[in-house]
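Trainee:
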Amino acid sequence: MTTKRRVGVLVSGRGSNLQALIDAAEAPEYPAELVLVISNVPDVQGLARAKAAGIPASTINHKSFGSREAFEDALHDALSEAKVELLCNAGFMRLLTEGFVSRWLNRHLNIHPSLLPAFKGLDTHARVLESGAQITGCTVHFVRAAMDDGPIVAQAAVPVLSDDTEESLAARVLTAEHRLYPHALRLVASGLVTVDRERVEGMPGGLGERALFSPPLPDKS
Ligand code: GAR
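This is the structure in structure tokens:
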């Protein structure tokens, strides 16, 4: 068994994607181990999930710092101290500056609940419903300084149903997120992917050529 990559996770809240990563990393052959969880918001569920799993967890509250740079230096120092090699944002709702992003370039993942580059930002599901889109999804991508921007590692497509509410759509997408993030981290931690001219290369194929239709095509067409 080769050495596992040391992963740090940044959270701001509920931490259900963190939980999916914790659960995946329990498998002996999983190529990553979670060594540190940091929240920028005190007392969130994500911190409790980390502690319950025996993972060191701490709060670095952005409100305690005089500048974004000072906050990010503290984050970087904590991650370096724990010898973190790969960083995962899991519901981390704070924009990071170019300085921090460049220090973690192509070693830093984010998950967003849409098929990027569509529907970046907040209130994603409400905007998807408003748009009339029939297929949405979720994306894991390498982090860049612009919000929800960067080379795409993996995506899942999720149907929008005609009677969906924001809550029902969010729940369906979240179920896909919980499968997608561990899958994407596995690929990155295994060293299978590289970034070339802002595109991810080296992904395994296998999706085939079948399109996903909504509404579904009539039988036999
Ligand atoms: C997830 O749906 C994640 O995709 C989203 O926040 C939620 C966090 O849930 N992230 C973003 O919107 C980033 N732009 P969680 O704390 O239960 O993982």
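Each residue of the sequence shown is one higher than the one before, starting from 0 at the first, in numbering that gives the first Met the number 0. For glycine and all other residues, C-beta sits at the position ideal for the given N, C-alpha and C.
Looking at H140: is its Cβ nearer than 9 Å to the Cβ of H177?
Mentor: no
Trainee: Could you give the uninterrupted runs of the beta strand (DSSP E) lying entirely in the stretch 145-204, keeping only those of 3 residues or more?
Mentor: 151-158, 193-195, 198-200
Trainee: To the nearest angstrom, how far is the alpha carbon of S38 from that of L46?
Mentor: 7 Å
Trainee: Suppose only complete runs of 3+ residues qualify. What are the beta strand (DSSP E) ranges in the stretch 32-71, listed by chain order?
Mentor: 56-58
Trainee: Relative to the C-alpha of V10, which candidate in R67, N88, P215, W103 has its C-alpha closest?
Mentor: N88
Trainee: By alpha-carbon positions, which one of I54, V40, G14 ends up nearest to M25?
Mentor: Sequence check: residue 25 is Glu here, not Met. Nearest of I54, V40, G14 to E25, Cα basis: I54.
Trainee: Assuming L74 and F99 form a contact by the criterion Cβ under 8 Å, report the distance between their Cβ atoms to the nearest whole angstrom.
Mentor: 7 Å
Trainee: Over the uninterrupted beta strand (DSSP E) stretch that includes N88, give me the two end residues.
Mentor: Start and end: 85-88.
Trainee: Please determine whether the Cβ atom of R198 lies at a distance below 8 Å from any heavy atom of the ligand GAR.
Mentor: Because no heavy atom of the ligand GAR lies under 8 Å away, the Cβ of R198 does not count as near it: no.
Trainee: From the DSSP output, read off the bridge partner residues of G136.
Mentor: A156
Trainee: Round the Cβ separation of D147 and G120 to the nearest angstrom and send it over; I've been treating them as touching at under 8 Å.
Mentor: 6 Å
Trainee: With DSSP as the reference, identify every bridge partner of G98, one or two as the case may be.
Mentor: DSSP output for G98 lists no bridge partner at all.
Trainee: Using CA atoms only, rank isn't needed, just tell me which of E80, D218, F212, A156 is closest to A223.
Mentor: This structure cannot settle anything about residue 223, because the visible part of the chain is limited to 0 through 220.
Trainee: Could you tell me the distance, in whole angstroms, from the CA atom of R4 to the CA atom of E129?
Mentor: Taking the straight line from one Cα to the other gives about 41 Å.
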